[in-house]
Each structure stands twice: as structure tokens, then as C-alpha cells.
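Chemist:
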């Protein structure tokens, strides 16, 4: 899914600078920002859990 938003050139420049500071591209930096805000708002769990997988073994094993 693609999310797009318009920002002023000044905001764009700040976002680029912040991403570069953290060694990320803008997309990665924005993704991290969105996830952090969703967690802060308790709209996303702090820990993502892997699904529980049940394995059934034959009696021979």
C-alpha cells in the first residue's frame, strides 16, 4: 500500500535531513515514525507476536 502526503519544501528538507541522520531513506524513516506514533496512541501493540503453529507428529515419530 502506498500512502502519500504533501508537505512544504521546508518540511521535506527537514524529513530528508532527519532520515539521513539515522542512516535511513525517507520511506524507512516515515514508516518508523508512523509505527512509533501508532504504538504511542495504543493503536498498535508494542510487541508483534508470531502466530502459534501446532505440529502434529505421527505415533511412529
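In this note's numbering, the protein residues as written are 42 to 102. Note that beta-carbon positions come from the ideal geometry of N, C-alpha and C, so glycine has one too.
At the level of alpha carbons, what is the spacing between residue 50 and residue 84?
Modeler: Between residue 50 and residue 84, the C-alpha separation is close to 30 Å.
Chemist: If we ignore side chains and look at the alpha-carbon of each, how far apart do residue 63 and residue 73 end up?
Modeler: Using only the alpha carbons, I get a separation of about 11 Å.
Chemist: If we ignore side chains and look at the alpha-carbon of each, how far apart do residue 45 and residue 97 end up?
Modeler: Between residue 45 and residue 97, the C-alpha separation is close to 45 Å.
Chemist: Give every residue of the same chain whose Cβ lies closer than 7 Å to the Cβ of residue 93, excluding the five residues on either side of it in the sequence, and list them in chain order.
Modeler: If we look at residue 93 and ignore the five residues flanking it on each side, it has no Cβ neighbours.
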